[in-house]
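Trainee: Got a structure here, written out as structure tokens. Questions coming.
4 protein chains.
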Amino acid sequence: MNSFGNQFRLTTFGESHGPAVGGVIDGCPAGIVIDHTFITNELRRRREGDNATSQGLTPRLEADHVEWLSGLMEGTTLGTPLSFIIKNSDCRPEDYESLRDLCRPGHADYTYNEKYGIRDHRGGGRASGRETAARVVAGAIAKQILHDKGITFRSTHHDHEVCCTINGVPTGVGNPIFDRLNARLAYAMFSIPSAMAFAMGDTPDAFRLSQQDYPDQWREHGIGNTLTLTNHCGGIQGGISNGMPIIFHVGFHLPPTQPDGMVCRSSDGGLHHVAPHGRHDNNHIPRLPVIVEAMAAIALLDLLIT
Amino acid sequence: MNSFGNQFRLTTFGESHGPAVGGVIDGCPAGIVIDHTFITNELRRRREGDNATSQGLTPRLEADHVEWLSGLMEGTTLGTPLSFIIKNSDCRPEDYESLRDLCRPGHADYTYNEKYGIRDHRGGGRASGRETAARVVAGAIAKQILHDKGITFRSTHHDHEVCCTINGVPTGVGNPIFDRLNARLAYAMFSIPSAMAFAMGDTPDAFRLSQQDYPDQWREHGIGNTLTLTNHCGGIQGGISNGMPIIFHVGFHLPPTQPDGMVCRSSDGGLHHVAPHGRHDNNHIPRLPVIVEAMAAIALLDLLIT
Amino acid sequence: MNSFGNQFRLTTFGESHGPAVGGVIDGCPAGIVIDHTFITNELRRRREGDNATSQGLTPRLEADHVEWLSGLMEGTTLGTPLSFIIKNSDCRPEDYESLRDLCRPGHADYTYNEKYGIRDHRGGGRASGRETAARVVAGAIAKQILHDKGITFRSTHHDHEVCCTINGVPTGVGNPIFDRLNARLAYAMFSIPSAMAFAMGDTPDAFRLSQQDYPDQWREHGIGNTLTLTNHCGGIQGGISNGMPIIFHVGFHLPPTQPDGMVCRSSDGGLHHVAPHGRHDNNHIPRLPVIVEAMAAIALLDLLIT
Amino acid sequence: MNSFGNQFRLTTFGESHGPAVGGVIDGCPAGIVIDHTFITNELRRRREGDNATSQGLTPRLEADHVEWLSGLMEGTTLGTPLSFIIKNSDCRPEDYESLRDLCRPGHADYTYNEKYGIRDHRGGGRASGRETAARVVAGAIAKQILHDKGITFRSTHHDHEVCCTINGVPTGVGNPIFDRLNARLAYAMFSIPSAMAFAMGDTPDAFRLSQQDYPDQWREHGIGNTLTLTNHCGGIQGGISNGMPIIFHVGFHLPPTQPDGMVCRSSDGGLHHVAPHGRHDNNHIPRLPVIVEAMAAIALLDLLIT
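And the structure:
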């Protein structure tokens, strides 16, 4: 389903070249004065990427103006559902006509066709990265609420990987067994298009943790963010935060659309070379940190207010 | 909460040294003749590990006898909740008395204390790996149902990593956006104690996927498990299975209990060296494949019967 | 939360005098050509009521134009979330300024204030009956899907009560124990503002069912809608439909706003007489059948496609 | 599914003549010393009924001994799942052999057969009232927790109706729109076998509320349980508790099994007279108040701790 979270729940909707993308946030506490400037800045991070040059980013130009439909009175949250839309103004659906009956490699075209018997072929439709704009809006609100509790996010990226650190998370967030904080974060991260790998902790490679690395040893009289000498567990023990910074890594693949065109599949299984078309990122990695933070904030806040 | 799944839902209960561990399976289809021999074998894999020597495994001896309480009539499922218990017969709670007021490093002792203000200190209580016995029982039933649909599991382990392949998954399993098959698998895998990393695909290192690797190219007239030339996406596109084998990797840390004792934390933050006590695995990795498969089977079946 | 249903899930949003009310429908099957004329007619039933004279209905004039934002391509559902808004065009928030600090009797003003510490005082805000427009839209789609399966709705009203009959429901819809079809219907009906009572069956008063009435006796070789001689159980046995028509009754109270004004409560507990203001129904009962049918259709379809 | 509640969630399992009935309670707060005597007394109320003579009650004799499997250490809740079983000791499955291929009137036999293709015909199987023993155990724990917050339950019964009053519920419990407190109560009550009608408020007949009855007028400087002059709304406005007592009524049908036998349906639709068999209540109404209170307590606590 198109919802994430139980107590702070985001539902997103919208196709890339339909009238709008948007979202409904249910469970947002009442009495919060929304910081619209912060939301705008977060959307700019998503649109332009976190690095200076922004080389290879999408040439699609969207103002990403957020239109609020409900849940606010005089700028303050009412405790009722916050809903918003971002209109798709720079649409050129005709660019995609040639893809109506073809499936691109590395995209969701084939699986949507098989699952639904129909798909919106224009710019990826529902599977487009454009849907993540709604997550960034909800994430900005979650981050604002968390920031007021002293919780801050910082993320860096290099190559295909993104490392995210969350400081100030109190002890006790997360649940044993299934709804562990790390399990919810993994779930959230793999909901981001192109996610390929996820790992916890401050080691460079959680797949190759040596025996000496484990466990993190206690610091004498340590508490909160001084609890342990190392943080290989990434701030989570038994699925529950221990007061140390939450640290995790996410690996992504590059955009599957190649600059020199691609070989597509028709419904009879035949292959067809298609020249470049539409507008796509050559490298979307710099745009991902704000989405990683948004989903982490939503997952964390959802567990925090349970 | 202590449940996983929406349509095929497992709820587990039980502490390591309480009367029993067990589970309730809700949503199991009616009319299935349960294969008790298979369940017994799966529990043996969990108890003894997948390799021949079983070096370093837990010296705790449990018969793991599954006692069925409901949901079956004359061996056949009724469509009502299947519930079962496995009694904890080989308990020695007195072994753990010295840990009542101490928190071991790398365990959930500290976080349970902080979250609940109380914890069962005997053998890890709820956080013990013994809870996974209930998952293996439910997983065995899920695998039996999936096997009847032509879906099979195979997993290998080396060092701390476990690679799992699921063959025969039809196209169309999983949902776009949040409840992607890969996101549900990541969620399921990180619910396993000691999971540290998760990655999709047939490449050795999903964190370092090179640009040439992506995307998987179509095979001419390919379909099902011949759809693409490579399987770097691990059989999932846009969160939905594409008919290729589902391939993923999970990384685990070694058991935090060290053979030469450990330095524990008292409630005032002081440190105390504690000699080895109770019974623990030196290396639990060989016991994990059956748990990985169980959780994968539960996650997959849950999406398949939605 | 502001969602109803698990597999066919409606989330509504919007305040009476905010920019819009609307909804997101998740889980609607793909490939359905939406009948917009039917939706428009259902909204007219909600606006004008089911009887000829429409005496006492709200003088608020809203075109109730449904604007679709997602989930459709060329008029056909994609399987992705259907979202829509109905703009609030005929707003006069200034009419309500005098109510900002007062709580009307029989309304949700006091409880919203106590729960959230803030409320939208303009025309009832979120608690306004206007929110039900979104339910009618979703209900119309559910009814269209059910109609294609041969399931039809008929409802009548007299005094404060509405009797609803659903024909063509196949045997086997609903679940034992908690998610019984009658329990889900009761849940759905009590989510309608001003619902006071709910009863199952074809008897005039389910509170006074005599001993001879029970049980419904089998008709020889009866099946489907000829299964039993009477239908006191309203087509549901053990929480599961038996093929007979589903029959239930809902009782509502009249609108609490009185034509000659009302005595309101200020935050210090003092009482204040307030002259009539804003626009309200004198009798909203004729407008309710379409809402009852909408919620019944959503509840039924949700269980049917599980 | 066989679960009720989101934050305080009960899952029940078990057939009437299987090894046991039982339940898992997830979300029970840690640190509560369970009052086993109270649970025993509540189970006695369920077994013997609330009136002195207990005329017509089931001749089945069950000690209803509750065996706790998890979630407790030294009598105190751990915050982990509480699970318990009540063994079915006085089983006589052979009494029911003649019903294996017949469906009784007014029971769930036919619908279970149609839905699952199989049913446990012994004493009603899963659909037996015996399942409610698990609800009474969970309800007793919920009532104990609520009692510590000053919330108390009182219920009376006459004819087929049960009136329940809950005192001390603070203002603000329940959610607008769908998860209203009254909607959750209606849902909970209709999950009780043989429920036929539900109504809110202190009026004798909520289906016939006259125009003068509505709304409840404010009492000057009233607050909490003195808020309004009347309580026709039953303590709930806009789905949220207002501090007045919660009052509701539930109507039940009598047990469908008749003392002089019954006419059953075979799978070919033929009718067969069956002499009395097994053991059944002639009148189960006196046994219902404790079940009504249990479900109300579970529904209320679930909303209260959200």
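Protein chains in written order, with our numbering: chain A, 1 to 306; chain B, 1 to 306; chain C, 1 to 306; chain D, 1 to 306. All residues carry an ideal CB built from backbone N, CA and C; glycine is no exception.
#1: State the start and end residues of the unbroken beta strand (DSSP E) segment that holds D:VAL173.
#2: Ordered along the chain, which non-local residues of its own chain (more than five positions away) have a Cβ less than 6 Å from that of C:TYR110?
#3: Rounded to a whole number of angstroms, what is the C-alpha to C-alpha distance between C:PHE248 and C:PHE153?
#4: So, at 6 Å on beta carbons, what are the nonlocal neighbours of B:ALA140 in its own chain, with the 5 sequence-adjacent residues on each side left out?
#5: Could you check what DSSP says for A:GLY22 in three-state terms: helix, strand or coil?
#6: Should B:ARG122 be listed as close to the ligand PLP, given that the test is whether its C-beta is under 7 Å from any heavy atom?
#7: For chain B, check one thing: does any of its Cβ atoms lie closer than 8 Å to the Cβ of D:ASN113?
#8: How about B:PRO193 and A:GLN217: are their beta carbons less than 8 Å apart?
#9: Give me the chain D residues within the contact set of C:LEU303, using Cβ-Cβ distance strictly less than 7 Å, ordered along the chain.
#10: Output yes if chain D places a C-beta closer than 8 Å to the C-beta of C:ARG100; else output no.
#11: What's the call for B:LEU229, buried or exposed, on a 16-neighbour Cβ count within 10 Å?
#12: Decide yes or no for the touch test of the segment 66-81 of chain C against the segment 21-40 of chain C: beta carbon pairs closer than 8 Å, at least 3 of them.
#13: Just checking: is the beta-carbon of B:ASP120 within a distance shorter than 8 Å of some beta-carbon in chain D?
#14: Against chain A, with Cβ distances strictly below 8 Å, would B:ALA52 count as a contact?
#15: Beta-carbon of A:PRO286 versus every beta-carbon of chain D: anything under 8 Å?
#16: Have a look at C:MET196, C:PRO215, C:GLU131 and flag the residue whose alpha-carbon is nearest the alpha-carbon of D:GLN258.
#17: Against A:PRO176, what residues of chain D qualify as contacts under a CB-to-CB distance less than 8 Å, listed in chain order?
#18: Assign C:LYS143 to one of two classes, buried (16 or more other C-beta atoms within 10 Å of its C-beta) or exposed (fewer than that).
#19: Which two residues bound the contiguous beta strand (DSSP E) that contains A:LEU10?
#20: Quick one: list the residues of chain C neighbouring A:PRO170, beta-carbon separation under 7 Å, in chain order.
#21: If we cut at 8 Å on Cβ distances, does D:THR132 have a partner in chain B?
#22: A:LEU303: which of A:PHE178, A:ILE118, A:MET196, A:ASN113 sits nearest, CA to CA?
#23: D:CYS251 by DSSP, collapsed to three states: which one?
#24: To which residues of the same chain is A:SER266 closer than 7 Å at the C-beta, ignoring the five residues directly before and after it?
#25: Could you check whether the segment 170-189 of chain B touches the segment 60-71 of chain B, counting it as contact only if at least three pairs of C-beta atoms, one from each stretch, sit closer than 8 Å?
#26: Could you give the C-beta distance for D:GLY123 and D:SER16, rounded to a whole number, given that I count them as a contact under 8 Å?
#27: If we count the other Cβ atoms within 10 Å of its Cβ and call it buried at 16 or more, is A:ARG44 buried or exposed?
#28: Taking all protein chains shown into account, decide if A:ILE86 is buried (16 or more other Cβ within 10 angstroms of its Cβ) or exposed.
#29: Report the residue from A:TYR116, A:GLU97, A:GLY125, A:GLU74 whose alpha carbon sits nearest the alpha carbon of A:ASN88.
#30: Please identify the residue among C:GLY18, C:GLY235, C:TYR187 whose C-alpha is closest to the C-alpha of C:LEU119.
#31: Express the C-alpha separation of D:ARG135 and D:GLY150 in angstroms, rounding to a whole number.
#32: Under three-state DSSP, which class holds D:MET244?
#33: Just to confirm the assignment: which complete beta strand (DSSP E) runs, minimum length 3, are found wholly within the segment 147-194 of chain D?
#34: Check A:SER128 in the structure and name its three-state DSSP category.
#35: Consult DSSP for A:MET359 and reduce its assignment to one of helix, strand or coil.
#36: Counting only beta-carbon atoms, is D:PRO19 nearer than 8 Å to chain B?
Mentor: Looking at the atomic coordinates:
#1: D:VAL173 -> no beta strand (DSSP E), and no H or E assigned at all.
#2: CYS103
#3: 12 Å
#4: PHE38, ILE39, GLU42
#5: strand
#6: Summarising the ligand content, the structure contains no ligands, and the ligand PLP is consequently not present.
#7: no
#8: no
#9: Here the premise fails: no neighbours, minimum Cβ distance about 11 Å.
#10: no
#11: exposed
#12: yes
#13: yes
#14: With a pLDDT of only 49 at B:ALA52, under 50, the local geometry of the prediction cannot be trusted, and the value read off the model is given with reservation. No - not a single Cβ of chain A is within 8 Å of the one on B:ALA52.
#15: no
#16: C:PRO215
#17: THR80
#18: buried
#19: 9-14
#20: Neighbours of A:PRO170 on chain C: none; closest Cβ ~24 Å, over 7 Å.
#21: no
#22: A:PHE178
#23: Before going on, a small fix: residue 251 of chain D reads as Gly here, not Cys. Reduced to three states, the DSSP call for D:GLY251 is strand.
#24: ASP101, LEU102, HIS272
#25: no
#26: 4 Å
#27: exposed
#28: buried
#29: A:GLY125
#30: Just to set this straight, residue 119 of chain C is Arg in the shown sequence, not Leu. Closest option to C:ARG119, Cα to Cα, is C:GLY18.
#31: 22 Å
#32: coil
#33: 152-158, 161-167
#34: coil
#35: Any property of residue 359 of chain A remains undetermined from this structure, which presents chain A solely from 1 to 306.
#36: yes
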